[in-house]
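For the sequence shown, UniProt numbering assigns the number 1 to the initial residue and increments by one for each residue that follows.
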Amino acid sequence: MWSAVQNVAQVTGVDALSLIALIVRTAETARRNKKTCRELVEQVKQIGDLLRSLEEHQPGIMRRPETSGPLRELHETLRLACTVVESCGQGDWIHGLCAGGSRASRLRDVQSKIAFYLQLFPIVSHLHSTRLLVQVINSAAPTSSGGAEEEVLRSFQNLSDPQDDQRFQNLNFSQLRNATNNFSLENQIEQGPLATLYKGQLHGNHVTIKKHSVISSSEQNLPPSMSQYELCRNEVQILPKLQHKNIVKLLGSCAERSERIVVYEHMENGSLEDVIFVRVGAGFTVDWPTRFRIIEGVAQGAVYLHNHSRLRVVHRDLKPSNIFLDSDMNPRISNFDLAKVLSPGIDQGTVDCVVGSVVHENGTFSGKTDVYSFGVMVLEIISGKRWTRSIQKTYYRDLLTWAFNRTTCCCGNKMVQRLKGFMHPTMHNIAFCGRAVPRCLSLPTRRRVLSNQREIRRCVRVSLLCIQEKPQRRPDMPEVTRMLSSRKKAVPFPHRPGYATESPMYAGDRSTTTP
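Next up, the structure:
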């Protein structure tokens, strides 16, 4: 039986997906090595995303001779992972079935093998990805003819990959006008300098509609090469090729006359910015486990963009307003207007003008650009304070300087108290209950409180590593996810960047007592 199923797996990967689903279900019942099992589950889920993407977009690759060997080995590795994870939820008698060392050692071996396949499969699809990159780069090249706008329209309405057409719709303006009640204020979700978001109903489904502002590049403070046409086309060219649970899905677009509109799947809880800066202030509570899940989800989405997607994408504008939250508060990265694709073998690119999230390297971008933006976002999620100075109710020193001064000069109970002052007040009720955890709490509750404290300290330390002034001192996103999820591995102590010792600046809008 296994040989017959294995033959199918070698061709299509279907059985591998079944094994991945079994590993996920089995890990939920693990009674030992729970943390390692959860880390393994995240890895096999990424393997599943890669297999689905390959089968959907590059089915021919799954049948090539050079692919059958890795698929066969992957199948055996997943079978071993399933056996080891199952042993973590069973009695000691099953331990004898897992020869070759302790459960922890076997789990580490499996994790190492899975990590290898996470790096291997993007290489397998390298040739096809290179072809897509050439198409994107050619379509993004400026044209000197007078029909520049018509060329943009043609590329906007015709995707480079025919298989994308099956999931992507070209919509007309009247459909979207009806879906949003003529783009009424009642349907408006959020208005920004480049676009306005609306909620609507399309074909019976709730959707989010982004209508780009019809103003010139100079009025938007953008270079001429980044008009609304270019920004919108950039998103339509890149986003349909991304398939990940933490990346928003692009459902369609409209390019009629001067209108540039894109349609996303609907996210019930809106943007992260609205949740942590507006709704929390109005009494909406977001506990620490939810905030931590959002942080981990954004990190995993960024890892996919940088390392595992069909295109090596640098988002360049990671911030709370560009993170959508579904009904379960799971994050989805959105708004790829400013995203850039890195060429194969190239880890850094250059741009004429620095836009998006502000970082210290002028005119260049790389994966470390998103790392910096992610670190800033983590501090915003934990503190509830904005980094920008656009809205102010209470004046604070710059958030990044404040974070360094608040969290890097003490330890022990004093560190707990300083972190309590740094955190948003809505998380004070249980995460930090005074100088020590009260002994009157039950043992499970005390363990949960201590776990929350360790996670918050770890997240702050990781974020301070991410916002290092020199890109080479920042970790990459895979290392960020490992540091966030590992309880045993110590997070390196961050260097104090030059901007953290400058004179006070002002930022933030949290209306609480000053620190």
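All residues carry an ideal CB built from backbone N, CA and C; glycine is no exception.
Note that the structure is predicted; figures quoted are calculated from it, not measured.
Taking the continuous beta strand (DSSP E) assigned at residue i, which residues delimit it?
i	result
Lys241	That residue, Lys241, is in no beta strand (DSSP E); it is neither H nor E in DSSP.
His348	A small correction: the amino acid at residue 348 is Gln; His does not occupy that position in the sequence shown. From DSSP, the beta strand (DSSP E) with Gln348 extends over Gln348 to Thr350.
Gln191	Gln188 to Gln191
Arg332	Pro331 to Ile333
Gln201	Ala195 to Leu202
Arg177	Note, Arg177: premise wrong, no beta strand (DSSP E); alpha helix (DSSP H) at Phe173 to Ala179.
Arg312	Arg312 to Val314
Ser258	Looking at the DSSP string, Ser258 is not in any beta strand (DSSP E), and its letter there is neither H nor E.
Thr426	Element bounds for Thr426: n/a, residue is neither H nor E.
Thr208	Asn205 to His212
Leu325	Ile323 to Leu325
Leu318	No beta strand (DSSP E) holds Leu318; DSSP gives it neither H nor E.
Val341	Lys340 to Leu342
Can you give me the Cβ contacts of residue i inside the same chain, cut-off strictly under 6 Å, excluding the 5 residues immediately before and after it?
i	result
Glu259	Phe173
Glu86	Thr26
Glu502	Summary for Glu502: the model assigns pLDDT 49, below 50, so the residue's position carries little reliability; its value from the coordinates is reported in the next sentence. Answer for Glu502: no residue qualifies.
Ala30	Cys37, Cys88 and Gly89
Gln472	none
With a CB to CB cut of under 8 Å and the five nearest residues on each side skipped, what residues in its chain are close to residue i?
i	result
Asn246	Gly297, Val298, Gln300, Gly301, Tyr304, Asn330, Pro331, Arg332 and Ile333
Ala282	none
Asp49	Gln243, His244, Lys245, Tyr304 and His308
Leu22	Cys82
Ile238	Val136, Leu311, Val313, Phe336, Ala339 and Val341
List the whole-angstrom C-beta distance separating residue i from residue j, where the pair is believed to meet the contact cut-off of C-beta under 8 Å.
i	j	result
Phe324	Val378	Not confirmed; about 17 Å, so no contact.
Leu171	Cys254	5 Å
Val110	Thr77	7 Å
His424	Gly363	About 35 Å separates the two Cβ atoms, so there is no contact after all.
Gln348	Ser321	Contact flag wrong, Cβ pair sits at about 26 Å.
Asp370	His315	5 Å
Thr426	Thr290	11 Å between Cβ atoms; not a contact.
Pro240	Leu250	6 Å
Pro492	Leu465	7 Å
Gly375	Ser463	4 Å
Ile381	Ile295	6 Å
Met477	His306	5 Å
Tyr117	Ile47	6 Å
On the criterion of 16 or more Cβ atoms from any shown chain inside 10 Å, does residue i qualify as buried, or is it exposed?
i	result
Thr481	buried
Lys35	exposed
Ala339	buried
Cys82	buried
Gln191	exposed
Thr394	For Thr394, the predicted structure reports a pLDDT of 42, less than 50, and the residue's modelled location is therefore unreliable. The matter cannot be settled from this model.
His203	exposed
Val278	exposed
Leu318	buried
Asp337	buried
Ser442	exposed
With respect to the alpha helix (DSSP H) encompassing residue i, which residues constitute its N-terminal and C-terminal limits?
i	result
Val298	Trp288 to Val303
Ser366	First-last for Ser366: Thr364 to Ser366, but that is the beta strand (DSSP E), not the alpha helix (DSSP H).
Asn452	Leu443 to Cys466
Val24	Val14 to Ala27
Val480	Met477 to Ser485
Within the same chain, show all residues whose beta-carbon is closer than 7 Å to that of residue i, passing over the 5 residues directly before and after it, in chain order.
i	result
Asn33	Cys88, Arg103, Ala104 and Leu107
Phe183	Arg177, Tyr198 and Lys211
Ala195	Lys210, Lys211, His212 and Ser213
Glu39	Gln111 and Ser485
Asn187	Thr180, Asn181, Tyr198, Lys199 and Gly200
Gln169	Leu251 and Gly252
Thr350	Gly363 and Thr364
Exercise. Decide if the segment 258-276 is in contact with the segment 193-211; the criterion is three or more beta carbon pairs, one per stretch, under 8 Å apart.
Key: yes
Quiz prompt | Cβ contact (3+ pairs, closer than 8 Å) linking the segment 267-282 and the segment 340-351 | solution = Touching, no, given that fewer than three Cβ pairs across the two stretches are closer than 8 Å.
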